[in-house]
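Protein chains in written order, with my numbering: chain A, 1 to 277; chain B, 278 to 602. A quick write-up on the structure given underneath.
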Amino acid sequence: MRALKAYLRSPAALIGSVILLAVLVMGLGAAWFYPNDPLGLAGRPLQWPGQNPRFPLGTDPSGRDIAAQIVHGARISLLIGFVATSIAVVIGIAIGSLSGFYGGVVDTVLMRVTEAFQTLPNFLLLLVLVAVFGSTIHTVTIAIGIVSWPPVARLTRAEFMTLRTRDFVQASRVQGLGDAHLILREVLPNALPPVIVYASVVMAVAILLESALAFLQLSDPNVPSWGNLIGLGRNVLRSEWYVSAIPGLAILLTILGVSLVGQGLNDALNPRLASGR
Amino acid sequence: MRILRLALRRLAASLPTLLLILAGMFLLLQLAPGDTVDALMAQMGGGDAALAEDLRRFYGLDVGIAAQLWNYLTRLATLDLGFSAIYGKPVATVILERLPPTILLMVSALSFAFFFGLLLGVLAARRVNRWPDTLISTLGLLFYATPSFWFGLMAIVLFSVYLQWLPAGGFYDITMGYTGLAAVLDIARHLVLPTLTLGLIFLAIYLRIMRASMLEVLSLDFVRTARAKGLTETRVVARHVLRNAMLPMVTLIGLQAGTMLGGSVVVESVFALPGLGRLAYESVVQRDLNTLLGIVFVSALLVIAINFVVDILYARLDPRISAES
Chain A
1 MRALKAYLRS
11 PAALIGSVIL
21 LAVLVMGLGA
31 AWFYPNDPLG
41 LAGRPLQWPG
51 QNPRFPLGTD
61 PSGRDIAAQI
71 VHGARISLLI
81 GFVATSIAVV
91 IGIAIGSLSG
101 FYGGVVDTVL
111 MRVTEAFQTL
121 PNFLLLLVLV
131 AVFGSTIHTV
141 TIAIGIVSWP
151 PVARLTRAEF
161 MTLRTRDFVQ
171 ASRVQGLGDA
181 HLILREVLPN
191 ALPPVIVYAS
201 VVMAVAILLE
211 SALAFLQLSD
221 PNVPSWGNLI
231 GLGRNVLRSE
241 WYVSAIPGLA
251 ILLTILGVSL
261 VGQGLNDALN
271 PRLASGR
Chain B
278 MRILRLALRR
288 LAASLPTLLL
298 ILAGMFLLLQ
308 LAPGDTVDAL
318 MAQMGGGDAA
328 LAEDLRRFYG
338 LDVGIAAQLW
348 NYLTRLATLD
358 LGFSAIYGKP
368 VATVILERLP
378 PTILLMVSAL
388 SFAFFFGLLL
398 GVLAARRVNR
408 WPDTLISTLG
418 LLFYATPSFW
428 FGLMAIVLFS
438 VYLQWLPAGG
448 FYDITMGYTG
458 LAAVLDIARH
468 LVLPTLTLGL
478 IFLAIYLRIM
488 RASMLEVLSL
498 DFVRTARAKG
508 LTETRVVARH
518 VLRNAMLPMV
528 TLIGLQAGTM
538 LGGSVVVESV
548 FALPGLGRLA
558 YESVVQRDLN
568 TLLGIVFVSA
578 LLVIAINFVV
588 DILYARLDPR
598 ISAES
């Protein structure tokens with residue numbers, strides 16, 4: 001309750017929530033706003049926004065409605081962002097908690113693996129994964145999840161290392177409770193808040209990674225992704241720059257919304273830090 | 278000397294990591310459909326099975342995967358990265374040709390982000406919660422949310438198409454045949470937009486970290502002592518706070534070296550820079566897996582090298598680190 005109040009008091013968090021809600025409504029209601037295939041031919045290509053009242057945001061080089069692609073793209077971006085983030089958070093928490101809870105050899109081995117993932121540029125690893133497993137929307141989403149977990153693992157590990165020696169954990173241990181219970185029921189709930197806050201960063205990065213991949217035309221070409229549209233607009237950039245400009249603004253606003261909500265959550269959940277920021 | 282030894286020990290510790298990356302990547306690429314010989318035969322316009330077998334034997338692809346991995350690693354130890362069937366040259370040569378633009382781009386983007394991140398972070402912290410701080414923090418949020426490739430495209434529209442101040446892409450102007458200083462200036466002109474594009478998100482991160490770190494250090498006791506001695510605020514910041522507040526920023530350089538290298542893939546594609554990132558993209562599109570593996574190796578080496586430098590820098594900035602060991 002206190003956290004919720006603190007969250008609602010922050011103007012940044014409110015603005016972020018409003019933006020994110022708008023994107024969410026666009027994504028959920030996409031089929032209702034634009035029931036036709038957003039990648040189907042809609043009209044004469046390259047009409048500027050406002051030129052034709054049927055296409056408030058204009059049409060792209062293939063004569064497809066940009067507004068329809070933006071609305072349907074919101075669904076793709078949110079879906080990829082959400083699923084990839086969940087994958088990254090689950091892997092990260094699993095590795096981080098085992099590493100932080102057990103320490104010793106387990107920690108050394110798992111941290112070596114984490115380090116390996118962090119040494120490798122994540123976008124490069126993403127390219128390799130897409131080159132090997134192909135670029136359907138499923139493989140792209142999973143690949144983004146796979147390249148995004150190391151920071152989550154490090155954060156979880158750090159939390160576990162400070163929490164595992166606390167009295168309440170020792171007390172549970174003395175009661176003869178198993179490791180699984182200690183990890184899942186005692187330590188994890190206390191380690192979770194900073195991880196949840198960090199998930200907003202993971203989600204922002206995941207959406208950016210997908211759009212960059214789609215911009216390079218290496219993501220699924222059969223879904224209306226914002227990055228795809230920016231990549232297509234590149235060919236007509238010199239004259240019809242709006243084709244690239246509009247979806248870019250959509251990405252910018254979505255990332256802004258996610259970051260602001262994350263910042264609001266952070267201030268609400270870590271009140272000690274809030275005053276300094 | 279102590280600093281160097283410490284950094285060298287960290288460097289040695291990164292060897293197993295490198296080995297892990299290479300083995301993992303090698304095994305991963307085994308899952309890819311088609312191998313070098315398939316790519317080569319497609320280039321030649323096809324051939325029969327006997328030829329494929331000969332080629333596989335020639336490239337050492339006819340033995341088991343474990344043996345291939347061992348062969349690959351031993352060849353790597355002599356810096357032999359294999360042969361690129363697509364470019365018709367050794368992978369090492371291809372990569373070396375493409376390395377300079379990427380390193381130049383990374384150094385300039387990092388300098389830009391570090392310098393302006395520092396400056397804006399200090400300015401924001403000095404005027405905390407007043408309008409300069411709000412303005413700078415808002416700009417930071419916006420920069421952080423801007424997709425780099427989109428910013429690059431919009432910069433091309435504005436600065437190259439409409440204002441015609443800067444070139445839209447490429448590394449240098451081939452038609453002019455510049456030499457000496459003129460050539461350097463020409464490359465610099467071509468790197469302005471890519472630098473801004475790649476550096477923008479790091480600028481946002483650095484300014485946010487610098488601001489937070491400044492605020493933290495400013496609240497410490499030794500700053501109060503410095504103020505009590507009667508030093509001016511500028512001197513307190515320049516001589517006492519800055520060095521301490523910079524530590525998290527320096528750590529961040531090492532942590533984000535990989536991210537920056539990954540970002541250069543996109544930026545180099547936007548501005549048609551013939552660098553390592555663009556080579557990575559091309560080798561994915563052309564299924565040149567040997568080159569891709571080589572790029573992964575060189576990128577990992579680069580990231581490790583950057584972290585080595587950061588370790589030394591860090592120890593120089595913070596004498597407590599070398600004292601601890």
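Positions of the beta carbon are idealized from the N, C-alpha and C atoms, including for glycine.
Reduced DSSP category for residue i - H, G, I as helix; E, B as strand; rest coil
| i | result |
| --- | --- |
| Ser219(A) | coil |
| Thr254(A) | helix |
| Tyr7(A) | helix |
| Asp450(B) | coil |
| Ile589(B) | helix |
| Thr472(B) | helix |
| Thr114(A) | helix |
| Asp357(B) | coil |
| Thr456(B) | coil |
| Leu59(A) | The question names Leu, but residue 59(A) is Thr in the sequence shown. Note: Thr59(A) maps to strand in three-state DSSP. |
| Asp339(B) | coil |
| Asp37(A) | coil |
| Gly276(A) | Confidence is the limiting factor: at Gly276(A) the pLDDT is only 40, short of 50, which leaves the residue's position unreliable and the question unanswerable from this model. |
| Ala284(B) | helix |
| Asp595(B) | coil |
| Asp65(A) | strand |
| Glu330(B) | helix |
| Gly50(A) | coil |
| Ala445(B) | coil |
| Asp315(B) | helix |
| Gly103(A) | coil |
| Trp32(A) | helix |
| Gln533(B) | helix |
| Leu229(A) | helix |
| Gln345(B) | helix |
Presumed contact (8 Å Cβ cut-off) between residue i and residue j, rounded CB distance
| i | j | result |
| --- | --- | --- |
| Ala577(B) | Ile298(B) | 5 Å |
| Ala432(B) | Leu470(B) | 5 Å |
| Val195(A) | Val89(A) | 7 Å |
| Ile70(A) | Pro193(A) | Wrong, their Cβ atoms sit about 34 Å apart, outside the cutoff. |
| Gly429(B) | Phe123(A) | The pair is not a contact, with the Cβ atoms about 15 Å apart (cut-off 8 Å). |
| Phe426(B) | Ile230(A) | 7 Å |
| Leu256(A) | Ala422(B) | 4 Å |
| Met302(B) | Val128(A) | 7 Å |
| Arg375(B) | Leu556(B) | 5 Å |
| Val544(B) | Thr456(B) | Val544(B) to Thr456(B), Cβ: 27 Å. No contact. |
Buried versus exposed call for residue i [16 or more other C-beta atoms within 10 Å across all chains shown]
| i | result |
| --- | --- |
| Gln175(A) | exposed |
| Pro189(A) | exposed |
| Glu601(B) | Its pLDDT being 48, under 50, Glu601(B) is placed unreliably by the model, and the measurement read from it follows with that caveat. It is exposed - the Cβ of Glu601(B) has fewer than 16 other Cβ atoms within 10 Å. |
| Pro35(A) | exposed |
| Asn584(B) | buried |
| Ser496(B) | exposed |
| Phe499(B) | exposed |
| Val109(A) | exposed |
| Leu387(B) | buried |
| Asn222(A) | exposed |
| Ser99(A) | buried |
| Trp347(B) | exposed |
| Gln47(A) | buried |
| Ser62(A) | exposed |
| Ala289(B) | exposed |
| Ile451(B) | exposed |
| Asn406(B) | exposed |
| Tyr439(B) | exposed |
Chain C within 7 Å of residue i, Cβ atoms only
| i | result |
| --- | --- |
| Val187(A) | Checking the listed chains, one finds no chain C in this structure; the protein chains it contains are A and B. |
task = Output, in sequence order along the chain, the residues in the segment 554-569 of chain B whose CB is closer than 9 Å to any CB in chain A.
result = Gly554, Ala557, Tyr558, Ser560, Val561, Val562, Arg564, Leu566 and Leu569
task = Could you please tell me which residues of the segment 424-435 of chain B, in chain order, have their CB closer than 7 Å to any CB of chain A?
result = Pro424, Phe426, Trp427, Leu430, Met431, Ile433 and Val434
message = What are the residues in the segment 522-551 of chain B lying within 9 Å of chain A by C-beta distance?
response = Leu532, Ala534, Gly535, Thr536, Met537, Leu538, Gly539, Gly540, Ser541, Val542, Val543, Ser546 and Val547
task = Give, in chain order, every residue of the segment 223-245 of chain A whose Cβ lies closer than 7 Å to some Cβ of chain B.
result = Ile230, Arg234, Leu237, Arg238, Trp241, Ser244 and Ala245
ask   = the segment 434-462 of chain B: which residues have C-beta closer than 8 Å to a C-beta of chain A, in chain order?
value = Val434 and Val438
Ranges of the beta strand (DSSP E) found wholly within the segment 360-443 of chain B, counting only runs of at least 3 = none
task = Note down, one range per segment and in chain order, each alpha helix (DSSP H) of at least 4 residues found wholly within the segment 167-220 of chain A.
result = 167-174 and 188-215
query = What residues in the segment 291-303 of chain B bring their beta carbon closer than 8 Å to a beta carbon of chain A?
reply = Ser291, Pro293, Thr294, Leu295, Leu297, Ile298, Gly301 and Met302
query = Just by C-beta distance, which residues in the segment 102-128 of chain A are closer than 9 Å to chain B?
reply = Arg112, Val113, Glu115, Ala116, Phe117, Gln118, Thr119, Leu120, Pro121, Asn122, Phe123, Leu124, Leu125, Leu126, Leu127 and Val128
message = To be precise: take each residue of the segment 337-349 of chain B, compare its Cβ to all Cβ atoms of chain A, and keep it if any distance is under 8 Å. Which residues remain?
response = none
ask   = Closer than 9 Å, Cβ to any Cβ of chain B: which residues of the segment 250-261 of chain A, in chain order?
value = Ile251, Leu252, Leu253, Thr254, Ile255, Leu256, Gly257, Val258, Ser259 and Leu260
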